[in-house]
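J.: Quick one: this structure, given as structure tokens, is what I'll be asking you about.
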Amino acid sequence: MAVVPQESINQFEALMEEVDESLKRTFQNVHQGYPHETLTRFLKAREGNVTKAHKMLVDCLNWRVQNDIDDMLAKPIVPEELYRAIRDSQLIGLSGYSHEGLPVFAVGVGLSTFDKASVHYYVQSHIQINEYRDRVILPAATKKYGKHVSKCIKVLDMTGLKFSALNQIKLMTIISSIDDLNYPEKTQTYYIVNAPYVFSACWKVVKPLLQERTRRKIDVLSGCGQDDLLKIMDYSSLPHFCRKRSTGSSNYLDSVENCFSLDHPFHQQLYNYTQQQFLISKPAAPVKQGSVHVSLPEDADEEDIAKTLESELEKFKDLDIVQNH
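Anchor point for the sequence shown: position 238 equals 238 in the UniProt record's numbering, and the numbering is continuous, going up by one each time.
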């Protein structure tokens, strides 16, 4: 739905006045000074139904309290070698900003292996990036551009997508469910680039299963997407995998340009921030090793999509084996 009636927001706001103080406290971290915008996001996620949106938000706030999400940015992943391994296998980074001031997040879907740590570490890292985006990146963008910036753009790189990705569907489903249930309507558009045949085959099957509001946000671009993306951002903000390489140039960019790398300024700032927050919260204590165990969501729609995608990938598995021998 495009526009949420003010009356619905007023009803929702009245319901939120009745929640426990602990939920009100964590709600402040969610809305960052823009409660009406946050209520609108949850209403849009539930097609304007106030009762369903209220349940969704209360469930989200309970999840935050029960899993100590407010303090997630004070729980650095240590040692640094482990965090580097996570960054090398869970490919995501901030490449820049659109002309409208929206942060541009690059996601290496095809080349992410999720094989260097436990599921809980990857979930912890994903939530930390979400929280850093909402509590640091977006407020800074709002200040810089002189208008409220509450959403981001995601560019999904399908380079290297193979049928072996079957093994990662469960984890990707968990991460997607966490976003859908607790961080709704935070992405304006998903741009898909460098899509191989396997993606096209699966997309035809999965697309009808997606909610209309999600389908509208997905834009599959031709090739690396550079020409289309330059309409909404400068060249300097393009993810490295969207930049056309001239003949004879190296296929590899140095780590400063690669926003997936721990050496990129975004990840350096994020990692340093978590360590600083830990010192503020527990100045005399050493940083504990071990992942944070967050309760993982069960989302029926996500499960259905995952099963359908799994079934479709199985059909092509034999073809993949033949092509690689």
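Where a beta carbon is used, it is the ideal one built from N, C-alpha and C, also for glycine.
Can you name the start and end residues of the alpha helix (DSSP H) that residue 128 belongs to?
T.: 119 to 132
J.: To the nearest whole angstrom, what separates the beta carbons of residue 121 and residue 77, a pair I think is in contact under 8 Å?
T.: Correct: roughly 6 Å between the Cβ atoms.
J.: Beta-carbon within less than 8 Å of residue 135's beta-carbon, same chain only, minus the 5 sequence neighbours each way: which residues are those?
T.: 29, 32, 73
J.: With a CB to CB cut of under 7 Å and the five nearest residues on each side skipped, what residues in its chain are close to residue 87?
T.: Within its own chain, the residues whose Cβ lies closer than 7 Å to the Cβ of residue 87, once the five positions on either side in sequence are excluded, are 260, 261, 262, 267, listed in chain order.
J.: Using a 10 Å radius around the Cβ and a threshold of 16 neighbouring Cβ atoms, would you call residue 230 buried or exposed?
T.: Counting Cβ neighbours within 10 Å, residue 230 comes out exposed, since fewer than 16 surround it.
J.: Measuring straight from C-alpha to C-alpha, what distance separates residue 251 and residue 205?
T.: With a pLDDT of 47 at residue 251, under the threshold of 50, the modelled position of this residue cannot be trusted; read the value that follows with caution. C-alpha separation (whole angstroms): 32 Å.
J.: Please state whether the Cβ-Cβ distance between residue 94 and residue 104 is less than 8 Å.
T.: yes
J.: Sorted by chain position, which residues of the same chain lie with C-beta nearer than 8 Å to residue 236's C-beta, five sequence neighbours on each side aside?
T.: Correct list, in chain order: 96.
J.: Where DSSP assigns a beta bridge to residue 94, which residues make up the other side?
T.: DSSP lists 105 as the bridge partner or partners of residue 94.
J.: Which residue marks the beginning of the alpha helix (DSSP H) containing residue 142, and which one marks its end?
T.: Segment 138 to 145, the alpha helix (DSSP H) holding residue 142.
J.: Could you give the distance in angstroms between the alpha-carbon of residue 113 and the alpha-carbon of residue 79?
T.: 20 Å
J.: Given this structure, state the Cα-to-Cα distance separating residue 242 from residue 225, to the nearest angstrom.
T.: Distance between the alpha carbons of residue 242 and residue 225 is about 6 Å.
J.: With DSSP collapsed to three states, give me the class of residue 32.
T.: When secondary structure is reduced to three states using DSSP, residue 32 falls in the coil class, being assigned neither helix nor strand.
J.: Is it buried or exposed, residue 98, if we count other Cβ atoms within 10 angstroms and call 16 or more buried?
T.: buried
J.: Determine the DSSP secondary structure at residue 214, reduced to helix, strand or coil.
T.: helix
J.: Using the beta-carbon count (16 or more within 10 Å), is residue 249 buried or exposed?
T.: Its pLDDT being 38, under 50, residue 249 is placed unreliably in this model, and the coordinates cannot settle the point.
J.: Hey, could you find the ends of the alpha helix (DSSP H) residue 50 is sitting in?
T.: 50 to 66
J.: Is the CB-CB distance between residue 129 and residue 69 below 8 Å?
T.: No. Outside cutoff.
J.: Since residue 152 and residue 186 should fall inside the 8 Å C-beta cutoff, what is the C-beta to C-beta distance between them, to a whole number of angstroms?
T.: Confirmed, Cβ separation roughly 6 Å.
J.: Please state whether DSSP places residue 364 in a helix, a strand or coil.
T.: Missing from the structure shown is residue 364; the chain here goes from 1 to 325 and no further.
J.: My guess is that residue 27 and residue 61 are in contact by the Cβ rule of under 8 Å, so how many angstroms apart are they, rounded?
T.: 6 Å
J.: Whose C-beta lies closer than 6 Å to the C-beta of residue 258 among residues of the same chain, with five residues either side of it excluded?
T.: 240
J.: Nearest CA to the CA of residue 138: which residue from 34, 265, 278?
T.: Closest by alpha carbon: 34.
J.: Measuring only the C-alpha atoms, how far is residue 3 from residue 292?
T.: 38 Å
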